[in-house]
Amino acid sequence: MTEREAFEQLEDSELVTYAQASLDYCKDMLNKCLKADIPAMITKPEDSERVHLLIREQDVEQVSTMFDAEWRELAEQEGSFQADDAQKIDEDFEGDLPCPACGHVAPLVEGACADCGLVLE
Ligand SMILES: [Zn+2]
1001 MTEREAFEQL EDSELVTYAQ ASLDYCKDML NKCLKADIPA MITKPEDSER
1051 VHLLIREQDV EQVSTMFDAE WRELAEQEGS FQADDAQKID EDFEGDLPCP
1101 ACGHVAPLVE GACADCGLVL E
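The sequence shown begins at 1001 in my numbering and counts up one residue at a time.
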């Protein structure tokens, strides 16, 4: 549906703010709603820095389902990045962990802390 058609449907309805986000993000959500024939509109209240996406209360569930699926996909993509990052950090730390006794951070000397001599290996 077009923005105009959406507006006509929204005019007499009870509206809820579904999301508050940047203009680009809200426009993207708006387009997805319209494409799915869910009437939606964006508005920017004067007292808000963010753009609001308004939909009808009865459409909240449908819109949530639609965006949930999308966010799950995003989260899965990000999840794999996080796993890689975590692994990378682990590798970076190897051999350079702070000594549990004195907190000295340096490569071990013969398997022991270079500062206090605590054997760590
Ligand atoms: Zn130490």
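Even glycine gets a Cβ: it sits at the ideal position worked out from N, Cα and C. Since the structure is predicted, the reported quantities are computational estimates derived from the model, not experimental observations.
Short of 8 Å from the beta carbon of residue 1105, and not among the five residues preceding or following it, lie these beta carbons of its own chain, in chain order: 1096, 1097, 1098, 1099. Checking the 7 Å criterion, the Cβ of residue 1118 is within range of a heavy atom belonging to ligand 1. When Cβ pairs closer than 8 Å are counted between the two stretches, the segment 1037-1056 is seen to touch the segment 1002-1019, the count reaching three or more. Cβ contact annotation for residue 1005 (same chain, cutoff 6 Å, sequence separation greater than five): none.
Taking 8 Å as the cut-off, the beta carbon of residue 1026 is found closer than this to the beta carbon of residue 1042.
Note on the segment 1009-1045: whole beta strand (DSSP E) runs with a minimum of 3 residues are 1015-1021, 1040-1043, in chain order.
When C-alpha distances from residue 1001 are compared across 1016, 1035, 1021, the shortest belongs to 1035.
Annotated three-state conformation of residue 1109 is strand, per DSSP. DSSP places residue 1118 outside both helix and strand once states are collapsed to three, so it counts as coil.
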